[in-house]
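Report on one structure; see the data block that follows.
In the numbering used here, the protein residues as written are 180 to 552.
Dropping the structure here:
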């Protein structure tokens, strides 16, 4: 989309129409640019004071200045407003994998929020930043990497860019399931690669409001927005709170969940996350994480308390369910994009709850979620 202001025009509800005034008084020397700006500002106020008496071209001009919320309201004013608002939403979401069933103003609002944090979607592919993503990933687990010249390390990652194909082979089962379920193959490959390798790195990037990996973050958001309206409400799904692959490790926002946290505690995530509804993810000992190996998926026990995601139906323009992203013999995966809201419902102590016929001896945090899609 061409660069255009996305901020609303200041409300000037009581301004007189300067174009009509100039014409009636016969004035010749008129600042046309100033007149246009005043006219647009006056008309923009009608987003909160509906009218159907504006010309279509004026409606279209006003729409270019509206926020996602403005455009959502405009769609119920009149046919003219609806057409102008829908045209503007379509322009702003052009080129994205938007599903026709998605509520476009809500999706557009999610883009505005994401743009504010990580910047607009970048030109080119997220894979252009593969070396930098690899560097960020390995720096998290080995701080001694910082002792080496960064550019030298990046050059090594660039020289080994061919490893992408090997990594794709390891996650082929999940990719094939996505394609069979209607995902475009390129999107299925990109999404699964990012979620397998870079959740924590992207969480750091979003937390720091960095623009470095905007392409990858936008891709995740677009993919889940595409799938969210097509998937049923997710079953209860589980993940580890602590430990090597835990939520707190990937995203500091999850530190809000403590043994003495009160129901209603709420926070916004930075990192994308995945949870499992596969019976193998739980045992009497606790949670086991799905780990990608050269031979496929295996489950590794984690020394961690457990998070249970309790999904709900859509309401108020918000998606309140995790989104299914794999349903294979090895995985039952459900995901959530960055900048989702998580709210604690309850805490169950170790050994006081059951699932899949097991009684895990770890504390359980039950949460609900929501995000714009």
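Where a beta carbon is used, it is the ideal one built from N, C-alpha and C, also for glycine.
Point to revise | residue 340 burial status per 10 Å Cβ neighbour count (16 or more: buried) | key: exposed
**Study point:** Beta-carbon proximity check, residue 121 vs residue 414, cutoff 9 Å
**Key:** The requested residue 121 does not occur in the structure, where the chain is confined to residues 180 to 552.
Check your understanding: Roughly how many whole angstroms lie between the Cα atoms of residue 544 and residue 478?
Key -> 21 Å
Practice item. Could you check which residue in 462, 550, 372, 475 has the C-alpha nearest to that of residue 495? Key: 550
Check your understanding: In angstroms, rounded to a whole number, what distance separates the CA positions of residue 365 and residue 342?
Key -> 17 Å
Check your understanding: Do residue 384 and residue 447 have their C-beta atoms closer together than 9 Å?
Key -> no
Check your understanding: By how many angstroms is the C-alpha of residue 344 removed from the C-alpha of residue 369?
Key -> 11 Å
Exercise for review: Kindly list the residues whose CB is nearer than 6 Å to the CB of residue 535, restricted to its own chain and excluding five residues on each side of it in sequence; keep chain order.
Suggested key: 458, 461
Exercise for review: Give me the Cα-Cα distance between residue 358 and residue 467, rounded to the nearest whole angstrom.
Suggested key: 27 Å
Check your understanding: From this set, 319, 327, 352, 307, which residue's C-alpha is nearest residue 508's C-alpha?
Key -> 352
Review point. So what does DSSP say about residue 400, is it helix, strand or coil?
Key: helix
Practice item. Pick helix, strand or coil for residue 295, following the three-state DSSP scheme. Key: helix
Check your understanding: Among the residues of its own chain, which have a CB less than 6 Å from the CB of residue 465, if the five just before and after it don't count?
Key -> 539, 541
Check your understanding: Does the beta carbon of residue 314 sit closer than 9 Å to a beta carbon anywhere in chain B?
Key -> The displayed structure is made up of one protein chain only, and chain B is not part of it.
Exercise for review: Compute every distance between the C-beta of residue 332 and the non-hydrogen atoms of the ligand SAM, then say whether any falls below 8 Å.
Suggested key: By its list of ligands, the structure shown contains no ligand whatsoever, and the ligand SAM lies outside what it can speak to.
Exercise for review: Give every residue of the same chain whose Cβ lies closer than 8 Å to the Cβ of residue 420, excluding the five residues on either side of it in the sequence, and list them in chain order.
Suggested key: 426, 427, 433, 436, 483, 484, 485, 486, 544
Check your understanding: Name the DSSP bridge partner or partners of residue 512?
Key -> 455, 505
Practice item. Sort 317, 288, 502 by Cα distance to residue 411 and report the nearest one. Key: 502
Review point. Should residue 320 be labelled buried (16 or more other beta-carbon atoms within 10 Å of its own) or exposed?
Key: exposed
Review point. Are the Cβ atoms of residue 393 and residue 300 separated by less than 9 Å?
Key: yes
Review point. So which of 313, 481, 533 has the shortest CA-CA distance to residue 338?
Key: 313
Point to revise | Same chain only: Cβ atoms within 8 Å of residue 329, ignoring 5 sequence neighbours per side | key: 314
Review point. Near residue 349, which residues of its chain fall below 6 Å by C-beta distance, leaving aside the five closest residues on each side in sequence?
Key: 471
Point to revise | Cross-strand partners of residue 477 (DSSP beta bridge) | key: 470
Point to revise | Cutoff 6 Å; reference residue 382; Cβ partners in own chain excluding five residues on either side | key: 429, 430, 449, 450
Check your understanding: Which residues in the same chain have their Cβ closer than 7 Å to the Cβ of residue 131, if we skip the five residues on either side of it in sequence?
Key -> No statement about residue 131 is possible, as the shown extent of the chain runs from 180 to 552 and does not include it.
**Study point:** Alpha-carbon spacing of residue 490 relative to residue 332, whole angstroms
**Key:** 42 Å
**Study point:** 3 or more residues per run - each beta strand (DSSP E) lying fully within the stretch 415-441
**Key:** 416-419
Point to revise | Under 9 Å between C-beta atoms of residue 416 and residue 511 | key: yes
Exercise for review: Starting from the C-beta of residue 537, find all residues in its chain whose C-beta is less than 7 Å away, skip the five residues before and the five after it, and write them out in chain order.
Suggested key: 461, 462, 463
Check your understanding: Who are the Cβ neighbours of residue 395 in its own chain at under 8 Å, not counting the five residues just before and after it?
Key -> 305, 308, 312, 373, 377, 381
Check your understanding: Which stretch, first to last residue, makes up the alpha helix (DSSP H) that contains residue 331?
Key -> 329-338
Check your understanding: Based on the DSSP output, what are the partners of residue 347 in its beta bridges?
Key -> Answer is none; residue 347 lacks a bridge partner.
Check your understanding: Excluding sequence positions up to five away, which residues of its chain have a Cβ less than 6 Å from the Cβ of residue 125?
Key -> Nothing can be reported for residue 125, as the shown portion of the chain is limited to 180 through 552.
Point to revise | Rounded separation between residue 405 and residue 398 - CA only | key: 10 Å
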